[in-house]
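Here the structure comes first, spelled out in structure tokens, and everything after it is commentary.
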Amino acid sequence: MRLKRLELTGFKSFAKHVVLELPAQISAIVGPNGSGKSNIVESIQWALGEQSLKSLRGKKSEDFIFNGSASVPRLGKASVTLVFDPGKHLETLGYDEVIISRRAYRDGVNEYLINNSQVRLKDVVELLSKLGLGASSHHIISQGESDRILSASANV
57 MRLKRLELTG FKSFAKHVVL ELPAQISAIV GPNGSGKSNI VESIQWALGE QSLKSLRGKK
117 SEDFIFNGSA SVPRLGKASV TLVFDPGKHL ETLGYDEVII SRRAYRDGVN EYLINNSQVR
177 LKDVVELLSK LGLGASSHHI ISQGESDRIL SASANV
């Protein structure tokens with residue numbers, strides 16, 4: 057299963073609807089400081105059900121909703137959608153695409169959806185586990201981690 061598209065609306069610094077197409081199996085997110093690279097990575101973690109606000113650089117659920125700027129008012133909800141190509145799991149799932157979405161509202165309510173049907177977080181976790189995308193089967197290298205890995209001493 058491969059992530060082929062990411063859609064963000066109102067998540068952290070992304071006020072407007074943004075669609076990122078990921079046509080290759082390996083993708084890199086590059087850009088200058090402050091351009092939203094970390095927010096993109098965190099949006100993927102968040103949509104996959106991450107519950108640790110600290111690991112997503114937040115203190116409360118509302119921190120993930122665009123808080124407004126001089127030209128754009130604050131929004132009432134954040135939404136992230138991940139669109140996967142099921143690959144070899146197509147027969148098992150019966151879908152050409154697997155769509156996982158998470159929405160958060162300012163009142164603290166979170167919604168999870170699989171293929172546009174509302175589900176529980178547990179259902180998202182179970183689906184990801186069946187597809188080999190559980191907590192121990194994917195790796196996200198965070199900001200600064202590549203430098204730490206590359207400069208690590210072989211004398212451990």
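Taking the working numbering as reference, the numbering of the sequence shown is continuous, increasing by one, and the terminal residue is 212.
For glycine and all other residues, C-beta sits at the position ideal for the given N, C-alpha and C.
- With a minimum length of 4 residues, the unbroken runs of alpha helix (DSSP H) contained wholly in the segment 113 to 157 fall at 146 to 149.
- DSSP, reduced to helix, strand and coil, places GLN174 within a strand of the structure shown.
- Considering only HIS145, VAL136, LYS178 and LEU59, the residue with the shortest C-alpha distance to GLY66 is VAL136.
- Sequence-distant Cβ neighbours of GLN81 in its own chain, meaning closer than 8 Å and more than five residues away, are ARG58.
- A Cβ-Cβ distance of about 6 Å is found for the pair GLY114 and PHE120, placing them in contact under the 8 Å criterion.
- ALA103 carries a helical assignment under DSSP once its states are collapsed to helix, strand and coil.
- The beta carbon of LEU64 is closer than 6 Å to those of PHE70, VAL74, SER99 and VAL136 in its chain, skipping five residues each way along the sequence.
- Within the same chain, and ignoring the five residues on either side of LEU183 in sequence, the residues whose Cβ sits closer than 8 Å to its Cβ are VAL154, ILE156 and ILE170.
- Nearest C-alpha to GLN107 among PHE140, GLY132, GLU167 and ASP141: GLU167.
- Among the bridge pairs identified by DSSP, LEU183 is matched with none.
- For the pair LYS93 and ARG159, the Cα-to-Cα distance works out to about 20 Å.
- Secondary structure note for ARG61: its beta strand (DSSP E) is the uninterrupted segment 58 to 65.
- Short of 6 Å from the beta carbon of LYS60, and not among the five residues preceding or following it, lie these beta carbons of its own chain, in chain order: LEU78, VAL139 and ASP141.
- Each residue's CA atom was taken as its position, placing GLY143 and LEU149 some 10 Å apart.
- Here LEU189 is near LEU104, since their CB atoms are less than 9 Å apart.
- DSSP places ASN166 in the strand class (E or B) of the three-state scheme.
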